[in-house]
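Asks: Residue numbers (the working numbering): 1 to 353.
We put the beta carbon where it would ideally sit given N, CA and C, even for glycine.
This one's a predicted model, so the numbers in the text were calculated from it and none came from an experiment.
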Amino acid sequence: MSGKRHGWQAEAMRHHGEKPRADDARGAGPGERPHRGPGLLPPLPVPGRGTQLISLDGRVLTLTNLDKPIWPREGYTKFDLINYYFRVSGFILPHLAGRPLSLKRYPNGAGAPFFFQKRAAPETPAWIRTRRIKHADTGESIDYIICDDVSTLLYLANLACISQNPWLSALPELDRPDILALDLDPSDPDDFEGCIQVALLVKRQLDRFGITGYPKTSGATGLHVYLPIRPAYTYGQCRQFAKIIALLCREERPDLITLESSVSRRGGKLYLDYMQNVKGKTLASVYSVRARTGAPVSTPLKWDEVQPGLRPADFTMENTPARLTAAGDLFAGALAGGHDLMRAVTRAERMLS
DNA sequence: GCTATGC
DNA sequence: GCATAGCAACGCGTG
DNA sequence: CACGCG
Ligand SMILES: [Mn+2]
Ligand SMILES: [Mn+2]
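Here you go:
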């Protein structure tokens, strides 16, 4: 992965004269250090209050306002958010690596106003990887943040970045997505059962083509299905194929599904959004937390979990570490290798008409 | 969350 | 010192 | 062309 020798080992350093505490150095002994690997990391070895310095990846990171409530009703603080991302970093980082990000930030808490940030701010430390990307027509460019390591991940979390939204394409192929996303958006936020039915419909279509799709909760009201694809085709080509799948699904259940871009014409049906497959558009990353009640997490699912009774609110910042220990990264396959879109399109077009 | 500004 | 404001815009489909 | 959308 990062090739850094420091691994997870973090050294807490005291900030302006705070008194030493007995538990400060927990786990810091060289002999008892868990090794870095695909697994969960232990809790972040710093006190969950005030300002703390921590050394990660050989960089010194300042974590501020750690006891600030971010989910006040749940009692979750900024420390809890940072600690979550630290613990799951080995699982989320492969899904962020090399992808320009839109950050969704909530400096005053999950219930307060948010803002998106795509441009790296001037004060961004030099060790944060950025990539200057030119806008298509206007020669303007944006320095996007790219999160390849745990130090960057925690820097972002300290900015109250609750959700990281990565592109569907990764370096070096920014114009050729390696993920095709189907975004299932219920018109009725409470109709998750309908969403489940549509997801199963999507799977049935994918099965016809021999394509593997990977489902996850969005963490909000819907589901995402990701198709790993070889980064050989343009966003336009991917979108065309996504539209074919969407059309086939709507053909089967026009009573449940709409492809209507106008909200007012959706008639309460689920919007099967294939239009996310556009350069620069993003979805909340897998394992990303959402600024909603209970701190839900966008969670990979096994297809046999996609059935009535599934509830996205059941997957949270609190219980995701345990699920990862038990199930591992169910989305690993969404990154490994990809379908050849061309063969799939040929097969699909034959079926459509 | 952080910086830049204007009072 | 205090109160503010900015922090994403854009590619696409449709009318 | 201007919208609306995410
Ligand atoms: Mn969605
Ligand atoms: Mn959508």
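Within the same chain, show all residues whose beta-carbon is closer than 6 Å to that of Ala28, passing over the 5 residues directly before and after it, in chain order.
Replies: The predicted model places Ala28 with a pLDDT of 33, which falls under 50 and marks its position as unreliable, so this point remains unresolved.
Asks: Identify, in the order they occur along the chain, each residue of the same chain with its Cβ nearer than 7 Å to the Cβ of Phe209, setting aside the five sequence neighbours on each side.
Replies: Taken in chain order, the residues that qualify are Ala344, Arg347 and Ala348.
Asks: Which term fits Phe116, buried or exposed, when burial requires 16 or more other beta carbons within 10 angstroms of its beta carbon?
Replies: Exposed, by the Cβ-count rule.
Asks: Can you tell me whether Ser169 sits near ligand 1, meaning its C-beta is under 7 Å from at least one heavy atom of the ligand?
Replies: Ser169: no, Cβ never under 7 Å from ligand 1.
Asks: Roughly how many whole angstroms lie between the Cα atoms of Asn158 and Lys78?
Replies: Each residue's Cα considered, the two are about 7 Å apart.
Asks: Distance check for Leu56 and Leu256, CA to CA, integer angstroms please.
Replies: So the two alpha carbons sit approximately 49 Å from each other.
Asks: Which stretch, first to last residue, makes up the beta strand (DSSP E) that contains Ser55?
Replies: Gln52 to Leu56 is the extent of the beta strand (DSSP E) around Ser55.
Asks: Ser288 and Val373 - do their beta-carbons sit closer together than 8 Å?
Replies: Only positions 1 to 353 of the chain appear in the structure, and residue 373 is not among them; the question remains open.
Asks: Can you list the beta strand (DSSP E) stretches of 3 or more residues lying completely in the region 255-341, in chain order?
Replies: Complete beta strand (DSSP E) runs here, min 3: 270-273.
Asks: Are there any heavy atoms of ligand 2 lying less than 7 Å away from the beta-carbon of Asp191, as far as the coordinates show?
Replies: No, ligand 2 has no heavy atom inside 7 Å of this Cβ.
Asks: Closer than 6 Å is what we want: which residues have a beta carbon that near any heavy atom of ligand 1? List them in chain order.
Replies: Every residue passing the under-6 Å Cβ criterion appears here: Asp183, Asp185, Ser218 and Gly222.
Asks: Determine the direct distance from the alpha carbon of Lys302 to that of Asn65, and round the result to whole angstroms.
Replies: Cα to Cα, Asn65 sits roughly 37 Å from Lys302.
Asks: Sort Gly39, Val60, Gly58 and Asp80 by Cα distance to Met317 and report the nearest one.
Replies: Cα-wise, what sits closest to Met317 is Asp80.
Asks: Across which residues does DSSP place Trp71 in a beta bridge pair?
Replies: Partner(s): Tyr76.
Asks: Provide the residue span of the alpha helix (DSSP H) that contains Asp185, from first to last.
Replies: Looking at the DSSP string, Asp185 is not in any alpha helix (DSSP H); the run it does join, the beta strand (DSSP E), is Ile179 to Asp185.
Asks: Helix, strand or coil, according to DSSP, for Ile229 in the structure here?
Replies: Correct three-state label for Ile229: strand.
Asks: Run through the region 140-197 for me and flag every whole beta strand (DSSP E) of 3 or more residues, listed as ranges in chain order.
Replies: 141-145, 161-166 and 179-185, all fully within the region 140-197.
Asks: Which residue's Cα is closest to the Cα of Gln240: Ala160, Pro100 and Gln276?
Replies: It is Gln276.
Asks: Can you tell me which of the three DSSP states Arg361 falls into?
Replies: Residue 361 lies beyond the stretch modelled for the chain, which goes from 1 to 353, so this question has no answer here.
Asks: When you compare each of Met351, Arg290, Arg119 and Arg230 to Ala336 by their alpha carbons, which one comes out closest?
Replies: Ranking the options by Cα distance to Ala336, first place goes to Arg230.
Asks: How far does the alpha helix (DSSP H) with Leu96 in it extend, from its first residue to its last?
Replies: Element bounds for Leu96: Ser89 to Leu96.
Asks: Buried or exposed: where does Thr62 fall if 16 or more other Cβ atoms within 10 Å of its Cβ makes it buried?
Replies: Label assigned to Thr62: exposed.
Asks: What does the alpha-carbon distance come out to for the pair Asp304 and Gly98?
Replies: Whole-angstrom Cα-Cα distance: 31 Å.
Asks: Taking the alpha-carbon of Pro100 as reference, which of Lys68, Asp175, Gly111 and Ile162 has the nearest alpha-carbon?
Replies: Out of Lys68, Asp175, Gly111 and Ile162, Asp175 has the C-alpha closest to the C-alpha of Pro100.
Asks: Give the straight-line distance between the Cα atoms of Glu74 and Phe315, rounded to the nearest whole angstrom.
Replies: Whole-angstrom Cα-Cα distance: 15 Å.
Asks: Given the structure, does Gln164 come close to ligand 2, in the sense that its CB is under 7 Å from one of the ligand's heavy atoms?
Replies: No; taking the cut-off as 7 Å, the Cβ of Gln164 has no heavy atom of ligand 2 nearer than that.
Asks: Would Gly222 pass as a contact of Asp190 if the rule is Cβ separation under 8 Å?
Replies: Their beta carbons are not under 8 Å apart, which means Gly222 does not touch Asp190 by this criterion.
Asks: Grab me the residues of Leu200's own chain with a C-beta within less than 7 Å of its C-beta, minus the 5 sequence neighbours each way, in chain order.
Replies: Closer than 7 Å at the Cβ level, and outside the excluded window around Leu200, lie Val306.
Asks: Taking 7 Å as the cut-off, is the CB of Asp175 close to at least one heavy atom of ligand 2?
Replies: No, since every heavy atom of ligand 2 falls outside the 7 Å radius drawn around the Cβ of Asp175.
Asks: Rounded to whole angstroms, what is the Cα-Cα separation between Ala313 and Gly139?
Replies: The straight-line gap from Cα to Cα measures roughly 43 Å.
Asks: Which one of Ala121, Cys147, Ser264 and Leu206 has the shortest CA to CA distance from Ser187?
Replies: It is Ser264 whose Cα lies nearest to the Cα of Ser187.
Asks: Helix, strand or coil for Lys104, going by three-state DSSP, please let me know.
Replies: Lys104 falls in the strand class under three-state DSSP.
Asks: Just checking Gln276 against ligand 2 - is the residue's beta carbon closer than 7 Å to any of the ligand's heavy atoms?
Replies: Yes - ligand 2 has a heavy atom lying nearer than 7 Å to the Cβ of Gln276.
Asks: Between Asp188 and ligand 2, is the CB less than 7 Å from at least one heavy atom?
Replies: For ligand 2, not one heavy atom lies less than 7 Å from the Cβ of Asp188.
Asks: Give the straight-line distance between the Cα atoms of Pro228 and Ala170, rounded to the nearest whole angstrom.
Replies: Roughly 12 Å between the two C-alpha positions.
Asks: Sorry if obvious, but does the Cβ on Asp340 come closer than 7 Å to a heavy atom of ligand 2?
Replies: Every heavy atom of ligand 2 is 7 Å or more from the Cβ of Asp340, so no.
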